[in-house]
Amino acid sequence: MWTQQAKLVAGDGAAGDAFGTAVALAGDTALVGAPQAHLGDKVSAGAAYIFARDPVSGTWTQQAKLAPSDGVGGDHAGQSVALAGNSALFGAPFADVAGQSSAGAAYVYLRAGMTWSLQQKLSASDAASTDDFGGAVALVNDTAIVGADQADVGGKSNSGAAYVFQRTGTSWSEQQKLTPTTALADEGFGIAVALAGTSNTAIVGAD
2 MWTQQAKLVA GDGAAGDAFG TAVALAGDTA LVGAPQAHLG DKVSAGAAYI FARDPVSGTW
62 TQQAKLAPSD GVGGDHAGQS VALAGNSALF GAPFADVAGQ SSAGAAYVYL RAGMTWSLQQ
122 KLSASDAAST DDFGGAVALV NDTAIVGADQ ADVGGKSNSG AAYVFQRTGT SWSEQQKLTP
182 TTALADEGFG IAVALAGTSN TAIVGAD
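The opening position of the sequence shown corresponds to residue 2 in this note's numbering, with each subsequent residue numbered one higher.
Shown next, in the form of structure tokens:
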């Protein structure tokens, strides 16, 4: 039988933040996205909140608020979230990258003790406008997968793609771009992603 243990809310929550749009759980740590949270005058820049559970009392408390230092209004950071051990990953699908509007980005944060710090900002090597890279993310150990469901592939508009990144030491690098063998326009490949580290298997949804 399942019973409610806690209701999690942001310590600085405000109307319209969309806190809870995306959630992830690993052991006694939870990550909650709030993609429409305002950061100062940056409307809908977005953020993600870390909560930790006391293993004795079962009480959940907010441990950190994660917000990219380079975030701007409309990025929607926290639209997607993932956790693995002491690593947190979240997407900002409407972030501009290298002059490409809404190409999208994803951010990896690492916990040391009680402190979370940005480890690396991830973006596609072939980032293009309106790709929405970061709309879906998954993380297992040192492997991450990031969906870009609006990416054009082989001349097919919004066919979609997913990108696999591998961490070596403290550095992440793009390992492979995944696309369907028969890409079609408007398939939205990358709208959802998942990883299973024990079997080195990835699954990518297309809507």
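Glycine included, every Cβ here is placed at the ideal spot set by N, Cα and C.
Bear in mind the structure is a predicted one, so any value in this text is a computation, not a measurement.
About 5 Å separates the beta carbon of Val33 from that of Val24, a gap short enough to meet the 8 Å contact definition.
For Gly100, no beta strand (DSSP E) encloses it, and the DSSP letter there is neither H nor E. If you check the CB distance, Gly14 and Gln37 do not come in under 8 Å. Cβ-Cβ separation between Thr30 and Leu111: approximately 13 Å, too far for a contact (criterion under 8 Å).
Of Ala65, Gly206, Thr144, Ser70, the smallest CA-CA separation from Ser172 is found for Thr144. Looking at Ala184, Ser124, Ala152, the one whose alpha-carbon comes closest to that of Phe166 is Ser124. In the structure shown, the three-state DSSP call for Ser118 is strand. Under the three-state reduction of DSSP output, Gly21 falls in the coil class, being neither helix nor strand. The continuous beta strand (DSSP E) containing Val194 extends over residues 193-197.
Counting C-beta atoms within 10 angstroms of its own C-beta, Val141 has 16 or more neighbours from the protein chains shown and is therefore classed as buried. Boundaries of the beta strand (DSSP E) harbouring Ser172: 172-179, taken from the DSSP string. Per the DSSP secondary-structure output, Lys43 pairs in a beta bridge with Leu40.
At least 8 Å separates the beta-carbon of Ala106 from that of Gly75. In this chain, the beta strand (DSSP E) harbouring Val165 covers 162-169. Here Leu179 really is in contact with Val205; their C-beta atoms are around 6 Å apart, less than 8 Å. Taking C-beta atoms under 8 Å as the contact rule, Ser130 and Ser102 qualify, at a distance of about 5 Å.
Val109 is bridged by DSSP to Leu90, Gln121. The Cβ neighbour count for Ala152, taken over all protein chains shown within 10 Å, is at least 16; the residue is labelled buried. For the pair Gln177 and Gly155, the Cα-to-Cα distance works out to about 16 Å. Leu185: not part of any beta strand (DSSP E); DSSP gives it neither H nor E. A distance below 8 Å separates the beta carbons of Leu185 and Ser160.
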